[in-house]
Amino acid sequence: MFLRRLIRALFVTACCLAALVASVGASALDNSWQRRVISHGDVNLEVFQKGGGTAVLMHPSLGRPARDFEDLGNRVAKAGYRVVLINPRRIGGSSGPMEKVGLRELAEDVWRVADQLMIDRAFILGQNFGNRVSRTVSSLQPERVIGLVLMAAGGEIEPSDKVWAEFKKAFDPNLPKERQMEAVANSFFAPGNDASAWRRGWNGETAKLQVGAVERTDFKPFYLGGTAPGLVMQGLDDKIAPAQNAWNLVNKRQNTRLAAFPNMGHAMLPEQPEALATALIDFLNSQTQANYNQPVQ
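Numbering of the sequence shown is given in numbering that gives the first Met the number 0, commencing with residue 0 and proceeding in unit increments.
Next up, the structure:
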């Protein structure tokens, strides 16, 4: 029910995103990031790399660019990891067919990036829509996943009717821009947090196509996201993906920890960047050490 309702709402509203916010250079990260385009067939994937060591592949949220992870990626790279930010098809400099693909094809894109970057095993991280792609990535090749990190991992427990109403207002082109941004704050951010970070960067047409990919996918085989150790990061003020979603997933998935944050909503990344980075790096360090200490077979 939640997924059908979300799909219906997003198909109606996603095409109106441009009326709310102007998409900016989704490719524009600072010069410390190495840009590369990974190509396979008619798909071209723009990626940004920084740092060295164990790889962490990051997939952004619905209709959002890899640039959303820039601050988090900088912190993770500084902690000693090789960070790879991926612009999905039709975001930034990435391109490729979307009209008939499902989550499996989008997940295979991530593994093709890893293959061409000569990455054998990696941490996989995804936010919101990206968490669905990342669970599929981890399910397809579980032996290559050191750890799975899921941010704003909803899908079971529905938002309230009040939140749905505000969500729709966020994308109503007939409302004043100020009221639309107020609705963005009310639905995506915790009370009192600055929503201006999400004024830009949206790609509404791609968001609509990504929702179509979800609709074409039977997500049940991918729900748990493989077998690698997991970290679920949950904002306690998340109104779009209520916290019960995180509790349910952690209870069903073995070897998975929960990091829950007060005063954090669905947007997460711009709300508490330092707290998120601290929890993430602690998980990466623990799993890297555990992986290093495993006896050779």
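Glycine included, C-beta positions come from ideal geometry on N, C-alpha and C.
To the nearest angstrom, report how far apart residue i and residue j are at their CA atoms.
i      : j      : result
Thr53  : Arg178 : 44 angstroms
Ala18  : Lys176 : In this predicted model, Ala18 has a pLDDT of only 42, less than 50, meaning its place in the structure is not dependable enough to derive any value.
Leu257 : Val231 : 5 angstroms
Val20  : Arg66  : Because Val20 carries a pLDDT of 45, less than 50, the predicted location of this residue cannot be relied on, and no value is offered for it.
Gly101 : Val213 : 6 angstroms
Asn185 : Asp236 : 10 angstroms
Val109 : Gly154 : 22 angstroms
Arg81  : Leu28  : 16 angstroms
Gln286 : Arg143 : 13 angstroms
Val75  : Thr277 : 9 angstroms
Val46  : Ile118 : 14 angstroms
Gly50  : Lys219 : 35 angstroms
Ile280 : Gln48  : 17 angstroms
Asn290 : Pro141 : 14 angstroms
Arg34  : Val112 : 13 angstroms
Val249 : Leu149 : 11 angstroms
Glu273 : Ala266 : 14 angstroms
Asn284 : Gln126 : 20 angstroms
If the criterion is Cβ atoms closer than 8 angstroms, does the pair residue i and residue j meet it?
i      : j      : result
Val42  : Arg88  : yes
Ala227 : Ser93  : no
Ala57  : Leu124 : The displayed chain sequence assigns Met, not Ala, to residue 57. Cβ distance < 8 angstroms, so Met57 and Leu124 count as in contact.
Phe187 : Gly264 : yes
Lys238 : Val183 : no
Phe122 : Ile145 : yes
Arg134 : Phe221 : yes
Thr216 : Arg103 : yes
Phe260 : Gln243 : no
Leu84  : Phe68  : yes
What are the partner residues of residue i, as DSSP defines its beta bridges?
i      : result
Phe122 : Val55 and Gly146
Gln48  : Gln33 and Val83
Gln378 : Beyond the ends of the chain as shown, which are 0 and 296, falls residue 378; an answer cannot be given.
Asn43  : Ser38 and Ser94
Decide if residue i is buried, meaning its Cβ has at least 16 other Cβ atoms within 10 Å, or exposed.
i      : result
Gly129 : buried
Lys77  : exposed
Gln253 : exposed
Ala106 : buried
Val132 : buried
Val55  : buried
Ala25  : Any reading at Ala25 must be qualified, since the residue scores a pLDDT of 46, below 50, and its modelled position is unreliable; the value itself is stated next. Classification for Ala25: buried.
Ser38  : exposed
Val210 : buried
Gln288 : exposed
Phe282 : buried
Thr255 : buried
Asn30  : exposed
Val23  : Bear in mind that the predicted position of Val23 carries a pLDDT of just 40, short of 50, making it too unreliable to give a figure here.
For the beta strand (DSSP E) holding residue i, just list the boundary residues, first then last.
i      : result
Gln243 : Not the beta strand (DSSP E): Gln243 falls in the alpha helix (DSSP H), residues Ala242 to Lys251.
Ala258 : Thr255 to Phe260
Met117 : Looking at the DSSP string, Met117 is not in any beta strand (DSSP E), and its letter there is neither H nor E.
Leu84  : Arg81 to Ile85
Could you pull the start and end residues of the alpha helix (DSSP H) that residue i belongs to?
i      : result
Glu165 : Asp160 to Ala169
Glu69  : Glu69 to Lys77
Gly129 : Phe128 to Leu139
Glu98  : Note, Glu98: premise wrong, no alpha helix (DSSP H); not H, not E.
Gln271 : Careful: Gln271 lies outside any alpha helix (DSSP H) and carries neither H nor E.
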